[in-house]
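In this note's numbering, the protein residues as written are 3 to 472.
Dropping the structure here:
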């Protein structure tokens, strides 16, 4: 055999191992892949992600669900394509005697469970209905629900992220919800996030988005356009004030979205039912203009392909970077580092910036024995300003309830609310799964100067269309 490519592959595989053919391997792929994704998206430290993955695999092989020994006090960091994932799960199928003939079961993570139990006690007292709150790790709720619900072993209500709808609604696992006039008490964008194909499937309680951070010791007035960001970055770097005027990590489409929309770009167009998967906008004029802005920043040395998520945050913490986009999950570390930060609206360009919104809320199972009762619990108790205030206090994320939002005094949360005023709910349609990889790869190719910006984004759009049409 003289083919150099085949010879090279043979040499590369000398130390290879046969892919495990044992049945237990089926428990590995999902947990392993999820861990890698969490690291890519900076949602968990590497050691924590892989440790949790290993524990998930062991539990799956053993056929048990591990009871959490100690309740976590703080909510985990949210995710762009998502959101926060506490580590452990508690028993989710153990029969509980509430003393009531009729019961509703709710799956909630360790952050939400205590407040839902308190609300449930009030509901039980007034309606004579038992509320069973079973604590399940946020990252496990969706997967466990898809298995348990059709088997008649799932909960009546789950608490989760709006971007689960693409899977759950199309699989017929969720009951339609009717908020009636209550919808007016919530952010319209948050309510719309829980619509799929024009149908409402959830009651929102929290909204999350990124904002523009700047170092107030270095910048008196934050820039209002991305052209100004580029000019200010060049000025600060030329004066030797910082190493980087502005920082952005490669492959991160979630944090590039505010730039892309500012130039008039988009991911999917919309129609009367929401996002339209037949209208892919990665190669739209605005999207390519944003990609070319990125290309210019890299060519001028203002951005580096060598900086990952943690590195850009560390540069901002140490005063070596003056501006960046990040979310509420970074506030604690910035405060701990003593950074004199400011949070501003995301810069525009040809139009206002529109970051992705991640929305969390309550969804009713289509397999609930009494979906109307489940909805009554949500509309009569959970949808009130009093209950939403308690839920907000448990997680300290910007509330979806307008009354609670109006009462906020925390300047950081208020700033995030303003920055997300034009936000777009992250697409929950199944076709979005075809977007993240192609979009992120296009950004990486530009960072690494492997493709011109217009070519990279045009190719990415074509990849998405091909994947959707397969």
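Note that beta-carbon positions come from the ideal geometry of N, C-alpha and C, so glycine has one too.
Beta-bridge pairing of residue i - partner residues as DSSP gives them
i           : result
residue 426 : 358
residue 278 : 271
residue 217 : 343
residue 176 : 367
residue 198 : 201
residue 350 : 227
residue 326 : 215, 249
Simplified DSSP state of residue i, which is helix, strand or coil
i           : result
residue 2   : Since the first residue shown for the chain is 3 and the last is 472, residue 2 is missing from the structure and cannot be characterised.
residue 270 : strand
residue 303 : coil
residue 462 : helix
residue 206 : strand
residue 161 : strand
residue 469 : helix
residue 474 : The structure shown has nothing for residue 474, since the chain only spans 3 to 472.
residue 188 : strand
residue 73  : Confidence at residue 73 is low in this model, with a pLDDT of 35, below 50, so its placement is unreliable and no value can be given for it.
residue 53  : helix
residue 321 : coil
residue 288 : helix
residue 193 : helix
residue 437 : helix
residue 298 : helix
residue 415 : helix
residue 182 : helix
residue 155 : coil
residue 68  : Model confidence at residue 68 stands at a pLDDT of 34, short of 50, so the residue's coordinates are unreliable; what they give is reported in the following sentence. Residue 68 falls in the coil class under three-state DSSP.
residue 410 : coil
residue 283 : coil
residue 444 : helix
residue 222 : coil
residue 454 : coil
Among the options, the one whose alpha carbon lies nearest that of residue i
i           : options            : result
residue 434 : 183, 470, 318, 235 : 470
residue 334 : 348, 316, 200, 238 : 316
residue 326 : 345, 350, 337      : 345
residue 188 : 176, 204, 445      : 204
residue 425 : 412, 354, 300, 408 : 354
residue 291 : 281, 258, 185, 48  : 258
residue 191 : 410, 241, 230, 423 : 423
residue 413 : 330, 172, 459, 249 : 330
residue 253 : 305, 336, 323, 239 : 305
residue 310 : 299, 449, 181      : 449
residue 137 : 307, 125, 347, 116 : 116
residue 468 : 296, 247, 282      : 282
residue 321 : 248, 185, 458, 179 : 248
residue 308 : 251, 357, 337, 271 : 251
residue 260 : 356, 154, 288, 182 : 356
residue 455 : 352, 287, 181      : 287
residue 289 : 54, 53, 100, 458   : 458
residue 362 : 174, 244, 196      : 196
residue 182 : 119, 175, 202, 411 : 202
residue 242 : 220, 256, 230      : 220
residue 272 : 186, 200, 184      : 200
residue 178 : 302, 376, 447, 324 : 376
residue 180 : 169, 193, 123, 297 : 193
residue 2   : 165, 350, 319      : No answer is possible for residue 2: it lies beyond the span of the chain, which begins at 3 and ends at 472.
Terminal residues of the beta strand (DSSP E) in which residue i lies
i           : result
residue 135 : 132-137
residue 332 : Counting along the chain, residue 332 falls outside any beta strand (DSSP E), and DSSP gives it neither H nor E.
residue 109 : 105-110
residue 243 : From DSSP, residue 243 is part of no beta strand (DSSP E); its letter is neither H nor E.
Bounding residues of the alpha helix (DSSP H) (the contiguous stretch that carries residue i)
i           : result
residue 168 : 167-170
residue 231 : 228-240
residue 98  : Careful: residue 98 lies outside any alpha helix (DSSP H) and carries neither H nor E.
residue 450 : No alpha helix (DSSP H) contains residue 450, which DSSP labels as neither H nor E.
residue 264 : 255-264
residue 397 : 387-397
residue 148 : 140-150
residue 127 : 115-129
residue 379 : 373-379
For this session: Mind the definition here: the segment 405-423 touches the segment 203-215 only if three or more C-beta pairs lie below 8 angstroms; say whether that holds.
Result: Contact holds: three or more Cβ-Cβ distances are below 8 angstroms.
For this session: Examine the Cβ distances between the segment 140-155 and the segment 109-129 and report whether three or more of them are shorter than 8 angstroms.
Result: Output reads yes: the segment 109-129 touches the segment 140-155.
Exercise. Just checking, does the segment 268-288 make contact with the segment 424-433 on the three C-beta pairs under 8 angstroms criterion?
Worked result: Two segments are said to touch when three or more pairs of C-beta atoms, one from each, lie closer than 8 angstroms; by this definition the segment 268-288 touches the segment 424-433.
Exercise. If we count Cβ pairs, one from each stretch, closer than 8 angstroms, do we get three or more for the segment 149-162 versus the segment 364-376?
Worked result: Touching, yes, given that three or more Cβ pairs across the two stretches are closer than 8 angstroms.
For this session: For the segment 197-210 and the segment 398-416, state whether three or more C-beta atom pairs, one from each stretch, are separated by less than 8 angstroms.
Result: Yes, since at least three Cβ pairs between the segment 197-210 and the segment 398-416 fall closer than 8 angstroms, the two stretches touch.
Problem set entry | Contact the segment 368-382 vs the segment 223-237: 3+ CB pairs below 8 angstroms | A contact is defined here as three or more CB-CB pairs under 8 angstroms, and the segment 368-382 fails this definition with respect to the segment 223-237.
Exercise. If you pair each beta-carbon of the segment 368-378 with each one of the segment 436-443, do three or more pairs fall below 8 angstroms?
Worked result: The segment 368-378, when compared against the segment 436-443, does not touch it at the 8 angstroms Cβ threshold.
Exercise. Should the segment 402-411 be called in touch with the segment 230-250, which here means at least 3 C-beta pairs below 8 angstroms?
Worked result: No, they do not touch.
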